[in-house]
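J.:
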Amino acid sequence: MPDDEFPFAAEGSRLLPMAARVLLDGAVADLEFDYAIPAALDGVAPGSRVKVPLRQRTVTGTVLMVYPAAEAEVPKLKPLLGLLSERVMIPPALMEFGKWISEYYCAPLESVMRAMLPEAVREEKHGEKRRLFVRLLREPSAEEHAALAKKAPKQAEVLLLLQLGGPALPAADFSGAALKGLREKAWVEITEEAVARDPFEGERFISTKALSLNQAQHDALVAVLEAVREPLQAKPLLLFGVTGSGKTEVYLQAAHRVLEQGRSVLVLVPEISLTPQTVERFKSRFADMQDRVAVLHSHLGQGERFDEWHRIQRGQARIVIGARSALFAPLDELGLIIVDEEHEGSYKQEQPPRYQARDAAVVRARLEGCAILLGSATPALESWHNAQRGKYDLLRLPERADDAKLPLVRIIDMRTEKKRAAKGSPAILSERLRMAIDQRLSKGEQTILFLNRRGFASSVVCQACGHVVKCLHCEIAMTVHRELGRLVCHVCGFQKLAPQKCPECKDPAILLAGYGTERVEETLRKVFPVARIARVDADSMSQKNTLRDTLHAFKTGKLDLLVGTQMIAKGLHFPNVTLVGILNADMGLHIPDFRAGERTFSLLTQVAGRAGRGELMGEVVVQSFTPHHPSIQFARQHDYEGFSVQELEFRRQCGYPPYGHAVLVTVRSERENLAEFTLKTLHAKLAKSFPPEILLGEPAPSPLVKSHDQYRFQILIRARQARQITEPLMAALGALKMPKEVIATVDVDPVNLG
Ligand code: ADP
Ligand code: ZN
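Here my numbering = 1-based position in the sequence shown + 16.
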């Protein structure tokens, strides 16, 4: 191949033909090949998306690096076939970030690329949405206008609207005949233009003004702006502020200042559809520059995702609000990354690449050279520990911003209530809670009841033989969904009809044990027949806008009582809610996970924070079977720091994170013996090769031992640094002859312990 077909890179005085290393799409393990860059494609750079030949086929991939072709190991490289897009799709800092994610979390680089380039963008098949626009070609004078108004009033009206609102308006807004007339007279032209699909179409955001900050907020803002100015000197910032202390106001004002400086802002929030209020607050504050705000969440259609992504990539959207995966938004000139509710478990991605978005955001900020702000009322102990040992700087908002008092929290001992409940039916409402709701109803105040389980009953139990109906595919009891008229597995979604008698002993005495949101709703309707009640959970809110509509109805006083799952636990702000009931506070407490206590504490604190956010004093009623548990007692006192002291002491003694890192290895297979045997073999190898400072756990069945027809066994490994574990572990896994029906997964810094 003659040299002049290659682009040339200057190296000293010589010009060299270049080659590209390409990571192919779609392979299970990473496949990288080198190709020559033909002269026509000299725009190819790391992060370009390209078409390449592979055997007899054409496949797509991402360029990882570009280097002088002379250094290629193979003398004659095949040339690249083409570019998928003129633009470099992954900017250099993101590319480096992707490599870090892949290494640290032991994930194939290809899986990281897939996370960075959403499917809608990769496939390019969605393209832009096009629409007809009518455009004014020249301004009519007053006389011309008057003349037209006499002959063709409809046409004159269109001209006027174009003069006022123009120069181009959607053609669909006008009568076809009027447009035709205007076009014939050469007043207007009609063109097809690309429009962004706006997921918020039809909604109006009223511009809100910055509030004047209180002293603590002011100090926090100053510290954030200082970090924005000198990001290389600054540490990551942890904003610790009780619920309602005005953290969001600090985010908004900081973001505004960064945008004014011409830089961009990334805001991560826990699964955004759960917190429409947060998005609304951002959209409203930046209402006069709305096209600069992009929102990324899992309910976007493919087309909407395509548009939002390209708006960000072209630099049009300068502030991105999104859930976990927005971590990879292709913003350039980042000034600030904000992670709201940074303690949330949903920041962890449970599929490869299994990254923790909050921790990874800290790394992205370092690579991009920008400031990072983590905020929470109940910081993750990992973040808190980092602040304690000086890796992060701590900012505090100790009081509620709106002068409201923290609510009064009462703990109800359900062991005594249980005795009062009718035989065979669960104790759902304690007498204390029933009275409290009654009072609110008579005063016209509102109540939220929280329960983290959907469905009607948590299981079907035979009273004669004790048999529990389990999922065919998972080792877990099936939940009764009465509205659906079926039993549902909450792990894999499998459904079946409820049995009329015990499937084992044929006794008809089957009991619906436990309760979920459906049953609570039913009880409430019986006990408070005149109250206006709505239920908010994944079953009742499956339509796109029902959540927003229900919350709106509640906010405007059209409902008295809201019962729901974690969908109502976070970030909601209703001034007229003076009572929050937490129905079974212990639910998450007794699972085999060292974070169970932390999760319970933070959930109680967050839910309690929904009460009394206006001028009225709030009350929280917590129903519990273990009322003296420290997680419940500290939450009752709103005492995060007290909780953290004792919880950290427990973690330190046991060597759990944040004292060091953990890695969870899970082996799964449809064949139980095979999974167990493979894990034991791996364990034996690791026991030989690991140095003593690595704590190698025993192989054991996962807490959920069977899921989706797969048996699962696991080992938890702990050490000071994750790399101390992952390097030898990946080597051992690579050397292990894994039977075909067995899959091993490695989860670094796991959140869900199986
Ligand atoms: P957080 O994000 O910490 O839960 P928010 O930002 O939602 O707190 O603030 C709680 C309430 O206090 C909101 O209604 C907000 O408008 C109000 N607020 C925040 N900052 C101020 C302030 N400086 N002055 C008056 N009200 C404020
Ligand atoms: Zn199942």
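For glycine and all other residues, C-beta sits at the position ideal for the given N, C-alpha and C.
#1: Just jot down, in chain order, the residues whose CB lies closer than 5 Å to any heavy atom of the ligand ZN.
#2: Is Phe617 helix, strand or coil by DSSP?
#3: Are Pro719 and Pro608 touching if we call contact CB-CB under 8 Å?
#4: Between which two residues does the beta strand (DSSP E) holding Tyr727 run?
#5: Is Asp576 buried or exposed, if buried means 16 or more other CB atoms sit within 10 Å of its CB?
#6: Spatial neighbours of Ser289 within its chain, please: CB distance less than 6 Å, with the 5 preceding and 5 following residues excluded, ordered by chain position.
#7: By a C-beta neighbour count over all protein chains shown, 10 Å radius and 16 as the cutoff for buried, is Lys722 buried or exposed?
#8: Is there a Cβ from chain D that is less than 8 Å from the Cβ of Gly676?
#9: Can you tell me which of the three DSSP states Ser685 falls into?
#10: I'd like the span of the alpha helix (DSSP H) that includes Pro108, first residue to last.
#11: Just to confirm, does Gly634 get its C-beta within under 7 Å of one of the non-hydrogen atoms of the ligand ADP?
#12: Does the beta-carbon of Gln233, which I'm using as the reference point, lie nearer than 7 Å to any heavy atom of the ligand ADP?
#13: Using the Cβ count rule (16 or more neighbours within 10 Å means buried), how would you classify Gln179?
#14: Cutting at 7 Å between CB atoms, please list the residues of its own chain near Glu614, excluding the five before and the five after it.
#15: Could you tell me if the beta carbon of Gly257 falls within a distance shorter than 7 Å of some heavy atom in the ligand ADP?
#16: Using only CA atoms, which one of Glu349, Leu605, Cys670 and Lys435 lies nearest to His644?
#17: Less than 6 Å between C-beta atoms, sequence neighbours within five positions excluded: which residues of the same chain meet that for Ala514?
#18: Would DSSP call Phe472 helix, strand or coil?
#19: Tell me the rounded alpha-carbon separation between Pro708 and Pro744.
#20: Between Phe759 and Arg684, which are expected to be in contact by the criterion C-beta below 8 Å, what is the C-beta distance as a whole number of angstroms?
#21: In the structure shown, what three-state DSSP assignment does Phe610 receive?
#22: Less than 7 Å between the CB of Thr264 and some heavy atom of the ligand ADP, yes or no?
#23: Is Ala417 near the ligand ADP, in the sense that its beta carbon is under 7 Å from a heavy atom of that ligand?
#24: Tell me, to the nearest whole angstrom, how far the beta carbon of Gly391 is from that of Pro247; I am working on the premise that it is less than 8 Å.
#25: Report the option in Gly361, Leu100 and Leu268 whose CA atom is closest to the CA atom of Ile337.
#26: Count Cβ pairs between the segment 357-374 and the segment 278-286 that sit closer than 8 Å; are there 3 or more?
#27: Under three-state DSSP, which class holds Thr259?
#28: Give the secondary structure of Thr742 by DSSP, where H, G and I count as helix, E and B as strand, and everything else as coil.
#29: So, using beta-carbon positions, are Asp725 and Glu686 closer together than 8 Å?
#30: Can you tell me the Cβ-Cβ gap for Thr495 and Gly471, rounded? I've got them flagged as a contact below 8 Å.
#31: Residues in the same chain with beta-carbon distance under 6 Å from Tyr121, minus the five sequence neighbours each way, listed in chain order, please.
#32: From what residue to what residue does the alpha helix (DSSP H) around Pro646 run?
#33: Taking its Cβ as the centre, do 16 or more other Cβ atoms sit within 10 Å of Lys756, making it buried, or is it exposed?
#34: Quick one: does the C-beta of Asn689 sit closer than 7 Å to a heavy atom of the ligand NAP?
#35: I need the boundaries of the alpha helix (DSSP H) containing Leu125, first residue and last residue.
T.: Result, derived from the coordinates:
#1: Ordered along the chain, the selected set is Cys487, His489, Cys490, Cys505, Val507, Cys508 and Phe510.
#2: Three-state result, Phe617: helix.
#3: yes
#4: Gln726 to Ala735
#5: buried
#6: Its pLDDT being 49, under 50, Ser289 is placed unreliably by the model, and nothing is read from it.
#7: buried
#8: The chain inventory of the structure shown lacks chain D, comprising one protein chain alone.
#9: strand
#10: Pro108: member of the alpha helix (DSSP H) spanning Pro108 to Tyr120, first to last residue.
#11: no
#12: yes
#13: The residue in question, Gln179, is exposed, as its Cβ has fewer than 16 Cβ neighbours within 10 Å.
#14: Leu397 and Glu663
#15: yes
#16: When the alpha-carbon of His644 is set against those of Glu349, Leu605, Cys670 and Lys435, the nearest one is in Leu605.
#17: Cβ contact annotation for Ala514 (same chain, cutoff 6 Å, sequence separation greater than five): Leu503, in chain order.
#18: coil
#19: CA-CA distance, Pro708 to Pro744, rounds to 13 Å.
#20: The question names Phe, but residue 759 in the sequence shown is Ile. The C-beta distance from Ile759 to Arg684 rounds to 5 Å, short enough to meet the 8 Å contact threshold.
#21: coil
#22: yes
#23: yes
#24: Not a contact, Cβ separation roughly 18 Å.
#25: Comparing alpha-carbon positions, the option among Gly361, Leu100 and Leu268 lying closest to Ile337 turns out to be Leu268.
#26: yes
#27: coil
#28: helix
#29: yes
#30: 4 Å
#31: Contacts found: Pro369, Arg370, Tyr371 and Val764.
#32: Its alpha helix (DSSP H) spans residues Pro646 to Arg652.
#33: Under the 10 Å beta carbon count, Lys756 is surrounded by fewer than 16 other beta carbons and is classified as exposed.
#34: The ligand NAP is not part of the structure shown, which contains the ligand ADP and the ligand ZN as its ligands.
#35: Leu125 to Met132
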